[in-house]
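Each remark here refers to the structure printed beneath this line.
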Amino acid sequence: MASPSRKKSTNVRLDGRKIKTIQYAFQIMQRISPRLAANVAFNLSFRVRPFSRPKWEQEILDSADEHILLPWRDGNIPTWSWGSGSMVLLVHGWEGRGSQLGHFIGPLLEAGFRVATFDGPGHGTSTVSQPSLLAQAEALSQVANHYGVIYSVVAHSMGATALTFAAAKKKIKAENFILIAAPTDPSKFYEVLSQILRLKPKTTSLIIKRAERKFNLSISELYVPGYAASIEIPALIIHDQDDDDVPVERSIQLAKAWPHSILHLTQKLGHRRILKSKKIIERVIGFIQDGK
């Protein structure tokens, strides 16, 4: 297998046409008040851009056997389920939606599983406000509790990180987990955000302090491999070496920390195309069925 590529994470996504204007605005704000710049950047980092659901995804949702609006916090978490049998829960990432993992549904149904997915806080058609990694972890546990016994969870990107937190806190149990392209170090997120916005070290420090106050956790406490070490549930950890959003090193670190895990690396699938790969879907279903 080829050596993992080393690419800078571009988890923070901004419209290239607007970035110059945004950078200039932050230069001015930082001169006036670093705290003001930090507050604006902090709010920007938790903003979820709205994306239209593609036709093929909507058609999959329309075919669901059950569609429920699960009341939670200040709104609803929309959930969809198909089929019968042991439950497999699909979890999306940041600026994603449950139907983004739609290519897994048909093959899972053919394999005899029941399948469910949901739109997390602030994503898709969810009316729950204040999206965040920890909010996604809590929403995941709420959805799991709604459906009862969960056989397996397939989670992508930030959803995989949320799954790790929920599992470490014993808020979700299953026979096995599949984590695809999981970001594992929130401090790297703020490094990239600072590079994109051209923030000064003082401004970045203020952003991190505000995040720590909001979540009542230090940034170091959000380091995912530290949580993975306590999880006994077997996991298949998948990552593409050409992922431009989350470097493959993140999953390598996660697999080293996770006691019962298998690392599966791919090439030329990127961060999102990997969710449509027939080989990956077959690999995932095989692991769900026999844990290998």
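If you number the sequence shown the way numbering that gives the first Met the number 0 does, the last residue is 291 and the count never jumps.
Heads up, the beta-carbon is just placed ideally off N, CA and C, and yes, glycines get one too.
Next on the checklist: Along the chain, where does the beta strand (DSSP E) containing W81 start, and where does it finish?
Outcome noted: 74 to 81
Item to check | From I179, T124, M157, residue whose alpha carbon lies closest to that of A134 | outcome: M157
Checklist entry - Within 10 angstroms of its Cβ, does R96 collect 16 or more other Cβ (buried), or is it exposed? => result buried
Item to check | Secondary structure of S4, DSSP reduced to three states | outcome: Residue placement at S4 is poorly supported in this model, since its pLDDT is 40, which falls under 50; the coordinates still yield a value, given next. In this structure, S4 counts as coil in the three-state DSSP scheme.
Checklist entry - How is the beta strand (DSSP E) around P70 delimited, first residue to last? => result Residues 65 to 71.
Checklist entry - Starting from H91 and walking both ways along the beta strand (DSSP E), at which residues does that stretch end? => result No beta strand (DSSP E) contains H91, which DSSP labels as neither H nor E.
Item to check | Rounded C-alpha distance that separates H238 from I31 | outcome: 42 Å
Checklist entry - Can you tell me whether N215 is buried or exposed, with buried defined as 16 or more other CB within 10 angstroms of its CB? => result exposed
Next on the checklist: Give me the DSSP bridge partner(s) of I273.
Outcome noted: I273 pairs with nothing; no bridge assigned.
Checklist entry - Going by the CB atoms, is the gap between T203 and Y189 shorter than 8 Å? => result yes
Checklist entry - Which residues bound the alpha helix (DSSP H) around T163? => result 157 to 167
Checklist entry - What residue ranges within the segment 107 to 150 form continuous alpha helix (DSSP H) runs of no fewer than 4 residues, ordered along the chain? => result For the alpha helix (DSSP H) assignment, the uninterrupted runs of no fewer than 4 residues enclosed by the segment 107 to 150 are, from N- to C-terminal side, 132 to 146.
Checklist entry - When you compare each of G82, I279, R209, T116 to L268 by their alpha carbons, which one comes out closest? => result I279
Item to check | Coil, strand or helix - V245 by DSSP | outcome: coil
Checklist entry - Quick one: what's got a C-beta closer than 7 Å to L205's C-beta in the same chain, skipping five residues either side? => result Cβ within range, chain order: P33, R34, A37.
Item to check | DSSP state of N175 mapped onto helix, strand, coil | outcome: Three-state DSSP puts N175 in a strand.
Item to check | Spatially closest choice to H66 from S85, R46, T124, by CA coordinates | outcome: Looking from the CA of H66, the closest CA among S85, R46, T124 belongs to T124.
Checklist entry - How long is the line joining the alpha carbons of S186 and S250, rounded to whole angstroms? => result 16 Å
Item to check | Rounded C-alpha distance that separates D244 from H270 | outcome: If I take the Cα positions, the gap works out to 6 Å.
Next on the checklist: Does V152 come out as helix, strand or coil in the three-state DSSP assignment?
Outcome noted: strand
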